[in-house]
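See structure below.
Printed below as a string of structure tokens:
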């Protein structure tokens, strides 16, 4: 290992080979999916931002749960990504609870606002260790911010999920 190898960032992860189905929002990260109401974030858990789910992460890369346009990404909100899917589902992904206080420390964003992404494309990498060391919960929270436009927004299945597997079912 050369001296400068210590300063190299890990390569951007490969995209997941997923084909999304209409009405399905994919898991953005691998881990344990729980009800959003059971998360430790008071704003997300009271569903003020919409229905969704939380995932206790078992990995550090967040992938696009839908194909669509990024409405929020990068500075100053390295911990949060907003995507409006090609069919109108508005998805907010928030990594950690109160991680806005970290000012981007422990986050590496791969995308920019207004870009179009495909489901399974890597969006950001985070350090769960740095989040926990800062005294924050590292749960990845995902809410459908236009929940009222749908008759139902429900978890596909609670428990262990892999990034790119169904996380939420959204019905008109």
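Numbering (UniProt numbering), first residue to last: 1 to 172. The C-beta atom is built at its ideal place from N, Cα and C for all residues, glycine as well. It should be emphasised that the depicted structure is a prediction, and the values quoted were computed from it without experimental measurement.
Own chain partners of residue i with C-beta closer than 7 Å, once the 5 adjacent residues on each side are dropped
i           : result
residue 87  : 22
residue 172 : 150 and 151
residue 145 : 49, 50, 90 and 92
residue 160 : 32
Candidates the options: closest to residue i by CA position
i           : options               : result
residue 44  : 96, 113 and 162       : 96
residue 19  : 64, 41 and 137        : 64
residue 154 : 144, 168, 160 and 30  : 168
residue 114 : 124, 29 and 83        : 83
residue 162 : 39, 90 and 59         : 59
residue 90  : 131, 120, 50 and 40   : 50
residue 127 : 119, 105, 159 and 170 : 105
residue 132 : 159, 102 and 160      : 102
Unbroken beta strand (DSSP E) run spanning residue i, endpoints
i           : result
residue 35  : 31-35
residue 166 : 166-171
residue 72  : 68-72
residue 26  : 24-26
Contacts around residue i, its chain only, beta-carbon distance under 6 Å, and the 5 residues preceding and following it disregarded
i          : result
residue 13 : 61 and 122
residue 55 : 29, 31, 33 and 140
residue 11 : none
residue 78 : 104, 107 and 109
Proximity below 9 Å, CB of residue i to CB of residue j
i           : j           : result
residue 93  : residue 80  : yes
residue 147 : residue 117 : no
residue 129 : residue 33  : no
residue 143 : residue 111 : no
residue 17  : residue 120 : yes
Buried versus exposed call for residue i [16 or more other C-beta atoms within 10 Å across all chains shown]
i           : result
residue 26  : buried
residue 151 : exposed
residue 1   : Note that residue 1 has pLDDT 49, beneath the 50 cutoff, so the model's placement of it is unreliable and no number is given.
residue 40  : exposed
residue 53  : buried
residue 164 : buried
residue 138 : buried
Opening and closing residue of the alpha helix (DSSP H) in which residue i lies
i           : result
residue 130 : 128-133
residue 85  : No alpha helix (DSSP H) holds residue 85; the beta strand (DSSP E) holding it covers 80-85.
residue 42  : 42-45
Chain D within 9 Å of residue i, Cβ atoms only
i          : result
residue 18 : The structure shown contains no chain D; it is built from a single protein chain.
8 Å Cβ shell around residue i - same chain, five flanking residues per side excluded
i          : result
residue 38 : 45 and 54
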